[in-house]
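In the numbering used here, the protein residues as written are 1 to 428.
Here's the structure we're looking at; comments come further down.
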């Protein structure tokens with residue numbers, strides 16, 4: 001999808017990120033196969049493989065068992081994802097490794113993509129075949145020069161038509177399947193014929209594995225990595241969910257209303273995206289889970305699995321809150337927020353129970369968080385603004401907090417029957 005497979009290990013092009021890695025145990029590699037049995041496998045058992053990387057790895061070893069001189073195999077497939085336009089799977093016979101590359105949207109506009117074989121394959125559905133002369137002075141694509149230097153003698157990239165992916169709204173009807181060999185003389189005509197038959201049969205299991213991959217990824221993006229597996233495992237009934245104890249973090253942006261009054265909506269959306277990017281990074285790196293975005297606010301939890309070990313999630317939540325506040329204080333130096341000043345972050349922390357599950361109507365559900373703990377932390381965040389505090393803690397959270405505390409008195413909060421004792425937190 002960009003430059004040579006192997007060179008991507010050493011010099012990662014901008015916009016291409018490492019994904020999953022896989023190595024099949026030697027005992028699990030097939031020992032015998034034919035083109036016919038591979039095609040039968042692709043139309044049968046391969047449909048059950050939900051992982052694209054395991055699918056390509058299994059296929060590659062079957063081609064080796066069938067006597068096809070494939071030393072390198074790969075596919076590139078488009079994705080429905082807010083960050084990535086597609087993924088690439090690469091397999092090497094010499095190292096027995098398979099790995100995945102995630103390709104950001106801008107890569108398809110890059111010079112390295114335009115100078116590769118891929119536009120012909122994925123845009124026009126052409127097969128690109130290059131017999132590699134190691135003594136040639138020039139090569140038609142940069143990737144071929146790299147392959148020649150590594151001892152490869154033939155390269156072929158074939159289109160794979162994944163109808164279901166195109167139907168899902170992708171802009172490219174064709175995907176690519178790539179083979180390379182080090183065998184002197186390259187692929188024979190019989191090899192090319194066999195590979196063509198295999199690629200035709202690969203379309204169905206590759207489309208199915210990709211759709212499963214997209215479902216997992218999109219659910220994780222929209223629901224979070226903690227909730228997505230629960231939904232995929234069948235926890236979709238209205239009212240289903242679980243009650244858990246957690247350190248709860250609520251954040252908000254000070255200065256959001258004036259921002260919306262003076263800037264176009266498109267620019268406000270850009271600012272919010274950058275705003276949440278920094279906050280989500282802090283939560284995830286401290287081990288938390290973002291549950292919800294609410295306008296310019298965010299709700300996150302740090303689950304408490306064992307009441308005896310509840311101080312650790314509290315420390316993580318406090319660290320995340322401090323990181324958010326500290327990061328927001330530097331935004332006047334960030335070009336992404338050049339027209340957004342002044343902005344400040346406010347955060348509230350509490351420990352309590354949260355019901356996390358499906359709530360809504362029969363035809364419109366939201367996997368959300370409710371409960372007294374959520375209500376209280378939201379009211380505390382409002383109190384923090386009225387007290388002009390960047391960070392405020394409930395008494396229950398303060399009991400688990402190792403930081404130096406500043407008593408802020410007892411306050412009546414809307415919807416809470418009894419006055420709540422609140423604390424500030426000394427810098428540290």
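Just so it is clear, CB atoms sit at the ideal spot from N, CA and C, and this is done for glycine as well.
Note that the structure is predicted; figures quoted are calculated from it, not measured.
Same chain only: Cβ atoms within 7 Å of residue i, ignoring 5 sequence neighbours per side
i, result
"residue 255", "342, 343, 344"
"residue 92", "72"
"residue 168", "Bear in mind that the predicted position of residue 168 carries a pLDDT of just 49, short of 50, making it unreliable; the figure below should be weighed with that in mind. The answer, listed in chain order, is 80."
"residue 89", "52, 53, 56, 74, 75, 98, 100"
"residue 120", "126, 128"
"residue 293", "276"
"residue 454", "Shown here, the chain extends from 1 to 428; a query on residue 454 therefore has no answer."
"residue 253", "275, 296, 343, 345"
"residue 237", "358"
"residue 141", "115, 116, 117"
"residue 419", "410, 411, 412"
Beta bridge counterpart(s) of residue i as assigned by DSSP
i, result
"residue 361", "364"
"residue 86", "78, 103"
"residue 155", "130, 180"
"residue 92", "72"
"residue 161", "174"
"residue 350", "248"
"residue 297", "294"
"residue 341", "Per DSSP, none; premise fails for residue 341."
"residue 369", "356"
"residue 302", "247"
"residue 98", "22, 91"
Nonlocal neighbours in the same chain, by C-beta distance under 6 Å from residue i, ignoring five residues either side
i, result
"residue 250", "299, 348, 377, 378, 381"
"residue 151", "182"
"residue 12", "The predicted position of residue 12 is uncertain, since its pLDDT is 48 and thus under 50; no value can be drawn from it."
"residue 198", "38"
"residue 396", "351"
"residue 61", "29, 30"
"residue 159", "121, 125, 174"
"residue 7", "Interpretation of residue 7 is limited by its pLDDT of 38, a score under 50 that renders its predicted location unreliable; the figure taken from the coordinates is listed afterwards. The residues are 146."
Which listed residue (the options) has its alpha carbon closest to that of residue i
i, options, result
"residue 357", "158, 346, 370", "370"
"residue 212", "105, 273, 243, 232", "232"
"residue 118", "155, 246, 134", "155"
"residue 245", "330, 122, 309", "309"
"residue 42", "303, 278, 269, 207", "207"
"residue 201", "188, 94, 162", "162"
"residue 400", "21, 316, 411", "316"
"residue 96", "86, 70, 320", "70"
"residue 34", "278, 195, 385, 217", "195"
"residue 137", "131, 145, 130", "145"
"residue 135", "123, 142, 141, 148", "148"
"residue 387", "140, 422, 396", "422"
"residue 287", "313, 114, 210, 368", "313"
"residue 175", "390, 78, 140", "78"
"residue 429", "420, 49, 19, 82", "Residue 429 lies beyond the stretch modelled for the chain, which goes from 1 to 428, so this question has no answer here."
"residue 332", "306, 271, 296, 302", "271"
"residue 49", "278, 209, 412", "209"
"residue 303", "367, 389, 418, 242", "242"
"residue 36", "143, 193, 20", "193"
"residue 105", "85, 329, 311", "85"
"residue 44", "184, 205, 23, 157", "205"
"residue 230", "394, 103, 418, 367", "367"
"residue 398", "265, 189, 185, 247", "247"
"residue 20", "27, 103, 153", "103"
"residue 285", "180, 215, 318", "318"
Own chain residues within Cβ distance below 8 Å of residue i, not counting five before or after
i, result
"residue 426", "403, 404, 405, 406"
"residue 372", "352, 353"
"residue 415", "375, 379"
"residue 59", "38, 42, 46, 73, 198, 202"
"residue 391", "321, 322, 325, 346, 347, 348, 349, 384, 424, 425"
"residue 94", "71"
"residue 409", "421, 422"
"residue 153", "131, 132, 134, 181, 182, 183, 184, 185, 186"
"residue 215", "232"
Checklist entry - Is the segment 359 to 372 touching the segment 329 to 343 in the sense that three or more CB pairs, one from each, lie closer than 8 Å? => result no
Item to check | Three or more C-beta pairs below 8 Å linking the segment 57 to 67 and the segment 214 to 229 | outcome: no
Next on the checklist: List, from N- to C-terminal side, the alpha helix (DSSP H) runs of 4 residues or more that fit wholly inside the segment 255 to 290.
Outcome noted: 256 to 262, 265 to 285
Next on the checklist: Threshold first: 4 residues or longer. Then list the alpha helix (DSSP H) segments lying entirely within the segment 384 to 427, N to C.
Outcome noted: 395 to 398
Item to check | alpha helix (DSSP H) runs wholly inside the segment 185 to 257, at least 4 long, in chain order | outcome: 189 to 223, 228 to 232
Checklist entry - In chain order, which continuous runs of the beta strand (DSSP E) of length 3 or greater are located wholly inside the segment 14 to 59? => result 16 to 22
Checklist entry - For the segment 305 to 329, which segments carrying the alpha helix (DSSP H) assignment without a break, of at least 4 residues, lie completely within its bounds, in sequence order? => result 311 to 328
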